[in-house]
Amino acid sequence: MTATFAAVFVALFVAHQVADHWIQTQHQADCKGRPGWPGRIACAAHVTTYTLTALVALAALALSTDLDVSPGNIAAGLAISAVTHYIADRRTPLKRLADLCGSTKFYALGIPRPGRDDNPSLGTGSYALDQSFHYLFLFVAALVIAA
Numbered sequence: 352m353t354a355t356f357a358a359v360f361v362a363l364f365v366a367h368q369v370a371d372h373w374i375q376t377q378h379q380a381d382c383k384g385r386p387g388w389p390g391r392i393a394c395a396a397h398v399t400t401y402t403l404t405a406l407v408a409l410a411a412l413a414l415s416t417d418l419d420v421s422p423g424n425i426a427a428g429l430a431i432s433a434v435t436h437y438i439a440d441r442r443t444p445l446k447r448l449a450d451l452c453g454s455t456k457f458y459a460l461g462i463p464r465p466g467r468d469d470n471p472s473l474g475t476g477s478y479a480l481d482q483s484f485h486y487l488f489l490f491v492a493a494l495v496i497a498a
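Under the working numbering, residues 352 to 498 are what the sequence shown spells out, in order.
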């Protein structure tokens with residue numbers, strides 16, 4: 352299981368980076384955290400392409416290495432990844448979790464200030480917390496898939 356877990360985690364991690372930064376559309380990135388149905392739909396579209404990217408990565412891994420993983424475990428692991436990715440990318444749940452953990456100031460770190468000419472960047476606390484939340488559940492998904 353050790354080698355299987357390691358290979359699956361790497362595949363999920365690479366798929367995460369590709370799906371979150373290359374596959375996700377600008378519209379999805381801009382709208383997925385908005386309230387109401389427009390935000391929900393944009394987030395669901397992103398999570399769909401994200402999950403398909405992970406499935407392609409796992410299929411490539413399994414086919415190229417003869418990795419023996421259960422389709423049921425793959426489905427369960429990808430479901431965990433998809434649901435938790437949706438929760439985090441709706442933004443409000445992640446903000447609430449940051450507040451609950453005492454990380455309110457860190458969450459706001461680097462966010463452009465209203466009325467200022469601050470440049471938005473990936474170097475924000477909210478982005479770091481978002482990514483670490485995703486990594487946690489990629490780890491859980493890899494454990495489930497490799498079991």
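Glycine included, each C-beta is placed from N, C-alpha and C at the ideal position.
Keep in mind it's a predicted model, so treat the numbers as computed, not measured.
Going straight from the alpha carbon of residue i to that of residue j, what length do you get?
i: Gln-375; j: Ala-498; result: 30 Å
i: Asp-440; j: Ser-421; result: 28 Å
i: Lys-456; j: Gly-466; result: 19 Å
i: Thr-475; j: Leu-460; result: 5 Å
i: Asp-450; j: Leu-480; result: 12 Å
If I'm right that residue i touches residue j with Cβ under 8 Å, what's the distance once you round it to whole angstroms?
i: Leu-445; j: Thr-355; result: No, Leu-445 and Thr-355 are not in contact; Cβ-Cβ is about 30 Å, not under 8 Å.
i: Ser-472; j: Tyr-458; result: Wrong, their Cβ atoms sit about 15 Å apart, outside the cutoff.
i: Phe-488; j: Thr-435; result: 4 Å
Cutting at 6 Å between CB atoms, please list the residues of its own chain near residue i, excluding the five before and the five after it.
i: Ala-370; result: Tyr-401 and Thr-404
Could you name the residues of the same chain whose beta carbon sits closer than 7 Å to that of residue i, not counting the 5 residues immediately before and after it, in chain order?
i: Val-365; result: Ala-408
- Query: Counting Cβ pairs closer than 8 Å, one from the region 424 to 444 and one from the region 403 to 416, do we hit at least three?
  - Reply: yes
- Task: Report yes or no: do three or more beta-carbon pairs, one from the region 483 to 496 and one from the region 355 to 367, lie closer than 8 Å?
- Result: With the cut-off at 8 Å, the region 483 to 496 and the region 355 to 367 touch.
- Task: Report yes or no: do three or more beta-carbon pairs, one from the region 411 to 420 and one from the region 377 to 384, lie closer than 8 Å?
- Result: Counting Cβ pairs under 8 Å, fewer than three are found: no touch.
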